[in-house]
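Residue numbers (full-length UniProt numbering): 1 to 98.
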């Protein structure tokens with residue numbers, strides 16, 4: 001599912017649940033704000049926990065010596081951070097039963 005598909009799905013779900021006063025643009029803006037806030041929180045080193053969905057955390061990857069496969073020359077690979085997602089129990093059950 002792409003970001004635009006998520007936004008359209010959210011808009012349709014809200015319309016189906018009886019929220020006709022919400023425009024498509026308002027839903028798109030709200031979903032975009034949520035995703036941007038999550039990205040900024042992770043960039044600041046925060047942990048994001050959404051109950052029954054999962055937890056997003058950062059993992060530190062240490063700097064290491066690598067090798068250029070084309071030339072065989074040694075290169076230094078800098079340290080970096082990676083986002084890790086651990087699904088919640090409700091999500092694991094739903095994914096495994098459908």
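A virtual CB, placed ideally from N, CA and C, is assigned to each residue, including glycine.
C-alpha distance - residue i paired with residue j, whole-angstrom precision
i          : j          : result
residue 16 : residue 22 : 11 Å
residue 4  : residue 25 : 12 Å
residue 73 : residue 67 : 6 Å
residue 43 : residue 50 : 17 Å
residue 96 : residue 52 : 14 Å
residue 47 : residue 33 : 17 Å
residue 89 : residue 57 : 17 Å
beta-carbon residue i near the ligand HEM non-hydrogen atom, thresh 7 Å
i          : result
residue 16 : Looking at this structure, you won't find the ligand HEM or any other ligand, since it has none at all.
Assigned exposure category for residue i - 16 Cβ within 10 Å defines buried
i          : result
residue 19 : exposed
residue 83 : exposed
residue 75 : exposed
residue 27 : buried
Delimiting residues of the beta strand (DSSP E) encompassing residue i
i           : result
residue 57  : 54-61
residue 101 : No statement about residue 101 is possible, as the shown extent of the chain runs from 1 to 98 and does not include it.
residue 24  : Unbroken run through residue 24 is the alpha helix (DSSP H), 24-43; no beta strand (DSSP E).
residue 98  : Premise fails: residue 98 is in no beta strand (DSSP E) and is neither H nor E.
residue 102 : The first residue shown for the chain is 1 and the last is 98, placing residue 102 beyond what the model contains.
residue 80  : 80-87
residue 46  : Note, residue 46: premise wrong, no beta strand (DSSP E); not H, not E.
Nonlocal neighbours in the same chain, by C-beta distance under 6 Å from residue i, ignoring five residues either side
i          : result
residue 13 : none
Sequence-distant residues of its chain with Cβ nearer than 8 Å to residue i (five each side left out)
i         : result
residue 6 : 31
Spatial neighbours of residue i in its chain, beta-carbon cut-off 7 Å, leaving aside the 5 residues before and after
i          : result
residue 86 : 54, 55
residue 64 : 77
residue 80 : 61
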